[in-house]
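Chemist: Got a structure for you, questions after.
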Amino acid sequence: MLTKNNYQEIHRCLGVAKVIVVATHRRPDGDALGSLAAFSLIGLMAGWSLKLFGRPADVGRFDFLPLHNLETDCLKQVFDFDVAWLTLDCASVRRSELAERILERRRGDVFVDIDHHPTLESYADLSLRDISAVATCEVLYDYCKANKIAINSTLATCLLTGIVTDTGNFLYSATNAHTFQMASELLKLGARLDLIYEASWRTKRPAALRLWGLALSRLTVFDDLAMTYLLPEDLILASEVDPLEDLAGFLSGLAGVKAILLLKDEGLGEIKGSWRSVAPDFSVLALARVFGGGGHVKAAGFACNGKLLGDKEDLKVMTESGIRMATEMFMIDAKD
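At position 258 of the sequence shown the residue is numbered 258 (the UniProt record's numbering), and the sequence of numbers has no breaks.
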């Protein structure tokens, strides 16, 4: 259980750094981008020197967030002083493109992680990790409260972005009374829920809907588990950062199954999978960890080397149980 002192210790540690390099995970979602934008505002108000690692293309539909100062040169930049490295919303430091810099950091550097996922390893010098939080933006909300940081309307919008997107518009089972209390306060402080909904749910580009159609047409149910997939040639249509992210949330309401798996092969020698639990007592975290992934009991993901075999019309599947499904139904041609 995190205490007020935990938040204040992190704040003091970051406050003495000459520069803080901040990053989130590859292919950031709404919570990752909301966290990154929120922390940039926190640092600005504190007078800290921040470098936000990221690519403008990652922002995509969340372009209302104040992320106009993203840079990539910190991958190669040489610092002649001690640095604080900070990752947001990363269950594993290896999910960040700064992983190599962080793991090879100098003795005087410090690595801090702030997240709401169960950790996959312990590389951080200081960690602010609350797995009971619905989003990393909730952890930052509590961080602001503990350190008496005033939340203005822009910061409120950033924080609410992560909360809304990681709860599936307040539909996922992790949503609780505290979630609505936070959302209510952030709205009172001027958060723009209209912009968040416009970006996260109401606006769907035709290309994204065509991808949804392909994935839905391939949806197959095996006893109490369901699966669909996208192949490299399908993703030519893609215009979204992650076309399956919203679809995974949509399918989490599928009746008659315990869990759903969505697979994506981008043709780069790697398969990405997203698990979503439908049944209240069914955990998909263990299934994701079979392939070195992670996440939550209700939502988890993984990436593994290989490619999807078969064609768009017939992806052969053999399954009898959850783990057997996770290892055989994919038809993964795994690489050493």
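Don't be surprised by glycine CBs; every beta carbon is placed ideally from N, CA and C.
Do I163 and C144 come within 7 Å of each other at the CB atom, strictly closer than that value?
Modeler: No, these two residues do not count as a Cβ contact at 7 Å.
Chemist: Please name the residue or residues paired with K272 in a DSSP beta bridge.
Modeler: Answer by DSSP bridge pairing, in chain order: K264, A303.
Chemist: Measuring alpha carbon to alpha carbon, tell me which residue in L193, G273, M45, Y123 is nearest R289.
Modeler: Nearest C-alpha to R289: G273.
Chemist: Buried or exposed: D314, going by 16 or more other Cβ atoms within 10 Å of its Cβ?
Modeler: Because D314 carries a pLDDT of 40, less than 50, the predicted location of this residue cannot be relied on, and no value is offered for it.
Chemist: Apply the 10 Å Cβ neighbour rule to I151 and answer buried if 16 or more other Cβ atoms are within range, or exposed otherwise.
Modeler: Buried is the call here.
Chemist: Along the chain, where does the beta strand (DSSP E) that runs through R26 open and close?
Modeler: Premise fails: R26 is in no beta strand (DSSP E) and is neither H nor E.
Chemist: Around the C-beta of I10, are 16 or more other C-beta atoms found within 10 angstroms, so that it is buried, or is it exposed?
Modeler: Buried, since its Cβ has 16 or more Cβ neighbours within 10 Å.
Chemist: Excluding the 5 residues flanking T327 on each side, which residues of the same chain have their C-beta closer than 8 Å to its C-beta?
Modeler: With a pLDDT of 41 at T327, under the threshold of 50, the modelled position of that residue is not reliable, and the figure given next carries that caveat. So the qualifying residues of the chain are V290.
Chemist: Going by C-alpha distance, which of W85, L41, L103 is nearest L67?
Modeler: That would be L41, whose Cα lies nearest to the Cα of L67.
Chemist: Does S153 come out as helix, strand or coil in the three-state DSSP assignment?
Modeler: In this structure, S153 counts as helix in the three-state DSSP scheme.
Chemist: Taking Cβ to Cβ, would you say D294 is nearer than 7 Å to A91?
Modeler: Residue identity check: residue 294 is Gly in the sequence provided, not Asp. For G294 and A91, yes; Cβs fall inside 7 Å.
Chemist: Bridge partners of W85, per DSSP?
Modeler: Bridge partners of W85: V21, F111.
Chemist: Confirm, please, whether the CB-CB distance from G256 to C158 is below 7 Å.
Modeler: Cβ distance not < 7 Å, so C158 and G256 don't count as in contact.
Chemist: Measuring CA to CA, which of D246, A303, A23 is closest to W201?
Modeler: W201 has its Cα closest to that of D246, out of D246, A303, A23.
Chemist: Using a 10 Å radius around the Cβ and a threshold of 16 neighbouring Cβ atoms, would you call residue 406 buried or exposed?
Modeler: Since the first and last residues shown for the chain are 1 and 336, residue 406 lies out of range.
Chemist: Could you give the residue range of the beta strand (DSSP E) that holds F53?
Modeler: Taken as a continuous stretch (DSSP letters only), the beta strand (DSSP E) holding F53 covers 50-53.
Chemist: Go ahead and label Y197 buried or exposed: buried means 16 or more other beta carbons lie within 10 angstroms of its beta carbon, across all protein chains shown.
Modeler: Classification for Y197: exposed.
Chemist: Skipping 5 residues on each side, what residues in its chain have a beta carbon closer than 8 Å to that of residue 357?
Modeler: Nothing can be reported for residue 357: it is not among the residues displayed for the chain, which extend from 1 to 336.
Chemist: Checking 7 Å against the spacing of the C-beta atoms, do A279 and K258 come in under that value?
Modeler: Result yes, Cβ atoms of A279 and K258 sit closer than 7 Å.
Chemist: In the DSSP assignment, find the alpha helix (DSSP H) that holds T136 and state where it starts and stops.
Modeler: Here the alpha helix (DSSP H) through T136 covers 136-146.
Chemist: Figure out for me which residue from L160, V221, G213 has the closest Cα to the Cα of L195.
Modeler: The shortest Cα separation from L195 among L160, V221, G213 belongs to L160.
Chemist: Cutting at 8 Å between CB atoms, please list the residues of its own chain near G15, excluding the five before and the five after it.
Modeler: Correct list, in chain order: A46, W48.
Chemist: Cutting at 7 Å between CB atoms, please list the residues of its own chain near L120, excluding the five before and the five after it.
Modeler: Only A91, S92, G294 meet the Cβ criterion.
Chemist: What are the boundary residues of the alpha helix (DSSP H) that includes F180?
Modeler: Unbroken alpha helix (DSSP H) run through F180: 177-188.
Chemist: Cβ atoms of D82 and G108: under 7 Å apart, would you say?
Modeler: Cβ distance < 7 Å, so G108 and D82 count as in contact.
Chemist: Bridge partners for Y229 per DSSP, in chain order?
Modeler: According to DSSP, which records beta bridges pairwise, Y229 is partnered with L263.
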